[in-house]
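Visitor: Numbering (our numbering), first residue to last: 548 to 836.
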DNA sequence: CTTGGGACCTGGCTGC
DNA sequence: TGCAGCCAGGTCCCAA
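#1: Do the CB positions of residue 672 and residue 607 come within less than 8 Å of each other?
#2: Just the Cα atoms here: how many angstroms apart are residue 635 and residue 652?
#3: What would DSSP say about residue 737, mapped onto helix, strand or coil?
#4: Please report the residue range of the beta strand (DSSP E) in which residue 640 lies.
#5: What are the boundary residues of the beta strand (DSSP E) that includes residue 801?
#6: Would you tell me roughly how many angstroms separate the C-alpha atoms of residue 678 and residue 598, rounded to the nearest one?
#7: Please name the residue in 616, 709 and 570 whose C-alpha comes closest to that of residue 670.
#8: Using 8 Å for Cβ pairs, my map puts residue 766 next to residue 627. What's the rounded Cβ distance?
#9: Which of helix, strand or coil does DSSP assign to residue 780?
#10: Starting from residue 716 and walking both ways along the alpha helix (DSSP H), at which residues does that stretch end?
#11: Any idea what DSSP makes of residue 747, helix, strand or coil?
#12: Let's see if you can read the secondary structure: which residues bound the alpha helix (DSSP H) around residue 775?
#13: Taking DSSP as the reference, what is the three-state secondary structure of residue 852?
#14: Can you say whether residue 734 is buried or exposed, counting buried as having 16 or more other CB atoms within 10 angstroms of its CB?
#15: Tell me, which residues are paired with residue 807 by DSSP?
#16: Here's a check: name, in chain order, each residue in its chain whose Cβ is nearer than 6 Å to the Cβ of residue 775, leaving out the five neighbours to either side.
#17: So for residue 791, helix, strand or coil by DSSP?
#18: Among the candidates 657, 650, 741 and 656, whose CA atom is the shortest distance from the CA of residue 693?
#19: From which residue to which residue does the alpha helix (DSSP H) around residue 690 run?
#20: Skipping 5 residues on each side, what residues in its chain have a beta carbon closer than 7 Å to that of residue 769?
#21: Ordered along the chain, which non-local residues of its own chain (more than five positions away) have a Cβ less than 8 Å from that of residue 699?
#22: The beta strand (DSSP E) that contains residue 661, what's its start and end?
#23: From residue 787 to residue 576, what does the alpha carbon distance come to, in whole angstroms?
#24: Using a Cβ-Cβ cutoff of less than 7 Å, which residues in the same chain neighbour residue 813 once the five nearest sequence positions on both sides are dropped?
#25: Per DSSP, what kind of secondary structure is residue 671 in: helix, strand or coil?
#26: So residue 682 is in the beta strand (DSSP E); what residue range does that whole segment cover?
#27: Between the Cα of residue 591 and the Cα atoms of 620, 643, 555 and 650, which residue gives the shortest distance?
#28: Of the residues 632, 638, 569 and 639, which one's Cα is nearest the Cα of residue 614?
Right, dumping it as structure tokens:
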């Protein structure tokens with residue numbers, strides 16, 4: 548699934564072939580792909596426009612156009628952007644031809660991805676929380692966000708309004724690295740745990756970017772290569788396998804309808820900290836200011 | 001305001 | 001072998 552490291556990789560690897568080039572052809576095969584704007588409008592507005600820049604915000608890709616408008620893409624679960632593929636396969640939902648003999652194919656097995664044509668990209672991505680690598684995203688900010696919620700800490704990490712770009716697998720990895728059980732009530736984390744988690748979020752995402760993302764499902768890089776971040780996963784997608792740190796069997800539970808993998812030994816949980824736990828959990832609230 | 005649950009989607013897997 | 005039913009999860013929407 549494309550999360551921040553995957554979308555960052557796609558952006559980095561696509562940019563040299565598209566930025567500064569013009570759209571010469573647009574074919575959209577699936578009208579559900581277009582979330583805002585009609586097929587005709589998208590077609591009319593894109594043809595002949597130059598792509599001035601390609602940016603990432605959270606899990607969104609933003610193509611800034613010479614018209615001043617932006618084409619925003621979200622790949623959701625199974626979307627990929629393929630650069631000059633040998634063939635346009637059955638999962639292709641749109642094809643963008645670009646000057647300089649380049650072609651970008653939006654391929655999406657489960658058809659959950661969306662594109663938006665907007666005047667101002669901020670109307671779509673402005674609601675997102677801070678980028679994990681922004682200077683403004685400090686341990687203090689994370690601590691304040693966590694202290695406002697009684698839901699499991701993992702659910703807070705997945706909330707894109709609180710911090711942008713973390714998805715299910717990197718939430719599992721960051722919590723393992725920090726030694727924090729995913730079911731811990733968000734507000735129950737100590738100041739020290741918040742600092743550790745903050746460091747681990749950045750470390751896990753940075754390592755994954757360096758590996759060009761994780762090819763656990765349908766994710767491939769624009770030119771078809773796989774990412775290798777999943778080779779270093781300690782718990783994510785490793786249900787039933789031994790923990791690389793202690794050898795305990797990695798457990799799988801559902802947290803707010805999300806499958807969650809964790810090590811029961813490295814990420815221990817005392818009952819007073821669970822989302823279902825006792826009232827005493829409120830006494831462990833720590834304000835990080 | 002926060003929280004929880006369902007809808008959207010379809011390929012792949014499980015079990016009968 | 002065939003097929004029904006479930007599962008994966010990012011985001012939006014609605015109800016409590």
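Each residue gets a CB set at the ideal place from its N, CA and C atoms; glycine is no exception.
Remember, predicted model here, so these are calculated numbers, not experimental data.
Guide: In short:
#1: In the first chain, counting from the first residue as 1, residue 672 sits at position 125. In the first chain, counting from the first residue as 1, residue 607 sits at position 60. In this structure, residue 607 lies closer than 8 Å to residue 672 by Cβ.
#2: The residue given as residue 635 occupies position 88 in the first chain. The residue given as residue 652 occupies position 105 in the first chain. Computed Cα separation, rounded: 7 Å.
#3: As a position in the first chain, residue 737 is number 190, starting the count at 1. Taken through DSSP and simplified to helix, strand or coil, residue 737 comes out as coil.
#4: As a working mapping, residue 640 is identified with position 93 in the first chain. Taken as a continuous stretch (DSSP letters only), the beta strand (DSSP E) holding residue 640 covers 639-645.
#5: Here the question's residue 801 lines up with position 254 in the first chain. Unbroken beta strand (DSSP E) run through residue 801: 798-802.
#6: Locating residue 678 in the first chain gives position 131, where the first residue counts as 1. Locating residue 598 in the first chain gives position 51, where the first residue counts as 1. Rounded to the nearest angstrom, the two C-alpha atoms are 23 Å apart.
#7: On the first chain, position 123 is the one that residue 670 refers to. With distances taken between Cα atoms, residue 670 lies closest to 616.
#8: Within the first chain, numbered from 1, the residue matching residue 766 stands at position 219. Within the first chain, numbered from 1, the residue matching residue 627 stands at position 80. Sure, about 7 Å apart at Cβ, within 8 Å.
#9: Counted from its first residue, the first chain places residue 780 at position 233. Looking at residue 780 - three-state DSSP - the assignment turns out to be coil, as it is neither helix nor strand.
#10: Taking the first chain and counting its residues from 1, the one referred to as residue 716 is at position 169. Run containing residue 716: 715-725, per the alpha helix (DSSP H) assignment.
#11: Sequence index remark: in the first chain, residue 747 carries index 200 (1-based). Helix.
#12: Mapped onto the first chain, residue 775 falls at position 228. Per DSSP, residue 775 belongs to no alpha helix (DSSP H) and is neither H nor E.
#13: Look at the range of the chain in this structure, 548 to 836, and you will see that residue 852 is not part of it.
#14: As a first step, residue 734 must be located in the first chain, where it is residue number 187. Flag for residue 734 reads buried.
#15: Residue 807 sits at position 260 when you count from the first residue of the first chain. Beta-bridge pairing links residue 807 to 800.
#16: The residue labelled residue 775 in the question sits at position 228 within the first chain. Taken in chain order, the residues that qualify are 758.
#17: As a working mapping, residue 791 is identified with position 244 in the first chain. In this structure, DSSP gives residue 791 a state outside helix and strand, which the three-state scheme calls coil.
#18: One-based indexing of the first chain puts residue 693 at position 146. Checking every option, the nearest Cα to that of residue 693 belongs to 741.
#19: By 1-based counting over the first chain, the position of residue 690 is 143. It spans 686-694 - the alpha helix (DSSP H) in which residue 690 sits, taken as one unbroken run.
#20: For the purposes of this step, residue 769 is taken as residue 222 along the first chain, with counting starting at 1. Taken in chain order, the residues that qualify are 557, 560, 561, 628, 629 and 630.
#21: Against the first chain, residue 699 aligns to sequence position 152. If the five residues before and after residue 699 are omitted, its C-beta is found closer than 8 Å to the C-beta atoms of 729, 730, 731, 732, 733, 802, 803 and 822, all from its own chain and listed in chain order.
#22: For the purposes of this step, residue 661 is identified with residue 114 of the first chain, where counting begins at 1. Per DSSP, residue 661 belongs to the beta strand (DSSP E) from 661-665.
#23: As a working note, residue 787 is residue 240 in the first chain. As a working note, residue 576 is residue 29 in the first chain. Residue 787 and residue 576: Cα-Cα distance of roughly 41 Å.
#24: Here the question's residue 813 lines up with position 266 in the first chain. If we look at residue 813 and ignore the five residues flanking it on each side, its Cβ neighbours are 723, 726, 790, 792 and 793.
#25: Position 124 of the first chain, counted from the start, is the residue given in the question as residue 671. Here residue 671 sits in helix by DSSP.
#26: Taking the first chain and counting its residues from 1, the one referred to as residue 682 is at position 135. Element bounds for residue 682: n/a, residue is neither H nor E.
#27: One-based indexing of the first chain puts residue 591 at position 44. That would be 643, whose Cα lies nearest to the Cα of residue 591.
#28: For the purposes of this step, residue 614 is taken as residue 67 along the first chain, with counting starting at 1. Of the candidates 632, 638, 569 and 639, the one whose C-alpha sits nearest the C-alpha of residue 614 is 569.
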